[in-house]
Amino acid sequence: MRYTILSKGDSKSNALKHKMINHMKDFQMVEDPDNPEIVISVGGDGTLLQAFHQYSHMLSRCAFVGVHTGHLGFYADWLPHEVEKLIIEINNSEFQVIEYPLLEIIVRYNDNGYETRYLALNEATMKTENGSTLVVDVNIRGNQFERFRGDGLCVSTPSGSTAYNKALGGALIHPSLEAMQIAEIASINNRVFRTVGSPLVLPKHHTCLITPVNHDTILTSIDHVSIKHKNVNAIQFRVANEKVRFARFRPFPFWKRVHDSFISSGEDE
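So this is what it looks like as C-alpha cells:
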C-alpha cells in the first residue's frame, strides 16, 4: 500500500504523523507522496481540505482518510489513540470507498475567452474585493433568474452544506445527493430591489452562470483559498464530474456527525 501523510503542522500533529510513519514501516507500507493510494490527513477538517486540493489532480486514484488531533469533524473520524487500529485496518482489509460530489467553478475572463477551472470540496463564495455591494445577474439553465444585490453568494456541495452554508441559513444536504446549493450573503430586499431570498438547491444537470454587473474584479474563496480575479466576464457553477473518494473502515453516518456537531452536548442523554 502506497500512502502519504499530511500534518496540520502543530507539534501534536507532527508527532502523531511520525508515529504513524514508523508503525507503517513495520507493515512494509511505502510512503509515496507523488503517487499515493491513500492520503491521510492529521489535524482537522482544514488539513483534509488542504490534502484534497494538493491531490485534486488524481482523485480517481487515491482515497482520503482523516485523523483529528482536536475533536471529531465531518471529514475525519479517527482519533489519535486509534491510529494503530487504523494502520492495521489499512494493512489487513480492502477499504470501502465512499464518494462525495464536488463543485466545479469556471471563471471566464474578458481576455480572449480565457478561463480557469477549480474544484471545491466544501464551497465557493464570490464577493467584491472592497466589500461594496455585489450586483450580479444569476442565470440558471440558460434562463435569467434574478439580479442579485448584496454582500455575496455562497455555492456549496452537500458535504459543505454543514459549513458556511449552514451559517447563512442554508439546508443540510446528505452527500449521497448530487446537488449544489446557492445561499445569499446579506441580500438587499426592498420595494425596489428583490431577490428570491431563499437558498436554491440545484441538481447535477443544472448549471448556474453568474455575471457581474457593477464590478469586473471579483474575490472568490475556493474552500480555504481566497483568489482575486480581474476582468471577469462570468463565473459558472455546476456539480463536477469528478468525485472525492474517502476510505471507510467503519460506519461514519452523516446524520450522526450532524447530531454530534450541532445538537449533542457530549453528555449521556
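Number 89 in full-length UniProt numbering belongs to position 89 of the sequence shown; there are no gaps in the numbering. Even glycine gets a Cβ: it sits at the ideal position worked out from N, Cα and C. Since the structure is predicted, the reported quantities are computational estimates derived from the model, not experimental observations.
Under DSSP, the alpha helix (DSSP H) around residue i begins and ends at which residues?
{"i": "HIS53", "result": "45-54"}
{"i": "SER261", "result": "254-262"}
{"i": "ALA15", "result": "11-26"}
{"i": "ILE90", "result": "83-92"}
Can the beta-carbon of residue i be found closer than 7 Å to that of residue j?
{"i": "TYR100", "j": "PRO175", "result": "yes"}
{"i": "GLN181", "j": "VAL196", "result": "no"}
{"i": "ASN231", "j": "TYR118", "result": "no"}
{"i": "PHE249", "j": "GLU89", "result": "yes"}
{"i": "LEU103", "j": "GLU242", "result": "no"}
If you draw a straight line from the C-alpha of residue i to the C-alpha of residue j, how long is it?
{"i": "ILE105", "j": "SER198", "result": "22 Å"}
{"i": "THR128", "j": "SER93", "result": "49 Å"}
{"i": "ALA247", "j": "HIS215", "result": "42 Å"}
{"i": "ARG245", "j": "ARG61", "result": "9 Å"}
{"i": "GLU37", "j": "TYR55", "result": "11 Å"}
{"i": "SER11", "j": "LEU168", "result": "34 Å"}
{"i": "residue 274", "j": "LEU121", "result": "Because the chain is modelled from 1 through 269, residue 274 falls outside the range shown and cannot be assessed."}
{"i": "LYS256", "j": "PHE262", "result": "10 Å"}
{"i": "GLY9", "j": "PHE252", "result": "26 Å"}
{"i": "PHE95", "j": "PHE193", "result": "52 Å"}
{"i": "GLU178", "j": "HIS18", "result": "37 Å"}
{"i": "GLU115", "j": "ILE235", "result": "9 Å"}
{"i": "PHE64", "j": "ASN112", "result": "38 Å"}
Could you tell me whether any non-hydrogen atom of the ligand MN is closer than 6 Å to the CB of residue i?
{"i": "ALA240", "result": "As far as ligands go, the structure on display features none, and thus does not contain the ligand MN."}
Can you name, in chain order, every residue of its own chain whose Cβ lies under 6 Å from the Cβ of residue i, other than the five neighbours on each side?
{"i": "TYR75", "result": "ASP45, LEU48, GLY66"}
{"i": "ILE227", "result": "THR220"}
{"i": "VAL135", "result": "ARG149, VAL213, ASN214"}
{"i": "HIS229", "result": "VAL107, ILE218"}
{"i": "SER41", "result": "LEU6, THR47, LEU48, ALA51, GLY66"}
Where does the unbroken beta strand (DSSP E) through residue i begin, and where does it stop?
{"i": "TYR3", "result": "2-7"}
{"i": "TYR164", "result": "Unbroken run through TYR164 is the alpha helix (DSSP H), 164-167; no beta strand (DSSP E)."}
{"i": "LYS228", "result": "225-229"}
{"i": "LYS127", "result": "123-128"}
{"i": "THR116", "result": "115-120"}
{"i": "SER221", "result": "218-222"}
{"i": "THR69", "result": "Per DSSP, THR69 belongs to no beta strand (DSSP E) and is neither H nor E."}
{"i": "GLU104", "result": "96-109"}
In chain order, what residues of the same chain lie with their CB nearer than 8 Å to the CB of residue i, ignoring the 5 residues before and after it?
{"i": "ARG141", "result": "HIS206, THR207"}
{"i": "ILE21", "result": "ILE5, GLU31"}
{"i": "ASP268", "result": "Bear in mind that a pLDDT of 45 at ASP268, under 50, signals an unreliable position, so the number given afterwards is only what the model happens to contain. Counting only Cβ-Cβ distances below 8 Å, and skipping sequence neighbours, we find nothing."}
{"i": "HIS23", "result": "VAL83, GLU84, ILE87"}
Under 8 Å: do the segment 143-154 and the segment 170-189 share three or more Cβ pairs, one atom per stretch?
yes
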